[in-house]
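Under numbering that gives the first Met the number 0, think of the first position of the sequence shown as 0, with each following residue one higher. Here the structure comes first, spelled out in structure tokens, and everything after it is commentary.
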Amino acid sequence: MGNNENTMQFDFSRNKKDLTKSIITEVYNALSEKGYNPVNQLVGYLLSGDPTYITNHNGARALVRKLERDEILEEVIKAYLEIK
């Protein structure tokens, strides 16, 4: 292992954003594969909190439940408004 004298900086907000995007993309794809309208299903889940709006296909339901709904909405709004 080499000596690295530079301090590494961990950016939690960036990692959270990337994780949220990755999970929502996987859930979106799983819903599409099963023939659902992914946007409608995700909106239903976000509004109600009922995980049955999300298919179990490819573990999508378990994935989406790793995130808090308010965190998902926060990232969606930031992306919509292009806020960094």
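In this text, a Cβ means the ideal position worked out from N, Cα and C, and glycines have one as well. If you're wondering where the values come from, they're calculated on a predicted model, not measured in any experiment.
Requested in this report: Could you round the C-beta distance between residue 59 and residue 29 to whole angstroms and report it? I think they count as a contact, below 8 Å.
Outcome: Within the sequence shown, the letter at position 60 stands for residue 59. Within the sequence shown, the letter at position 30 stands for residue 29. Indeed they touch by this definition, with Cβ atoms about 4 Å apart.
Report task. Return the chain-ordered list of same chain residues with a C-beta closer than 7 Å to the C-beta of residue 64, the five sequence neighbours on each side being excluded. Result -> Residue numbering aside, residue 64 sits at position 65 when the sequence shown is read from its first letter. If we look at residue 64 and ignore the five residues flanking it on each side, its Cβ neighbours are 50.
**Report entry** CA-to-CA distance, residue 75 to residue 15, given in whole angstroms
**Finding:** Looking up residue 15 in the sequence shown gives position 16. Looking up residue 75 in the sequence shown gives position 76. Roughly 12 Å between the two C-alpha positions.
Requested in this report: Between the Cα of residue 48 and those of 72, 4, 33, spot the shortest distance and give me the residue it belongs to.
Outcome: Position 49 of the sequence shown, counted from the start, is the residue given in the question as residue 48. Nearest of 72, 4, 33 to residue 48, Cα basis: 72.
**Report entry** Alpha-carbon to alpha-carbon, residue 17 and residue 27
**Finding:** For the purposes of this step, residue 27 is identified with residue 28 of the sequence shown, where counting begins at 1. For the purposes of this step, residue 17 is identified with residue 18 of the sequence shown, where counting begins at 1. If I take the Cα positions, the gap works out to 15 Å.
Query raised in the report: What are the start and end residues of the alpha helix (DSSP H) that includes residue 77?
Result: Here residue 77 is taken as the residue at index 78 of the sequence shown, counted from 1. First-last of the alpha helix (DSSP H) with residue 77: 68–80.
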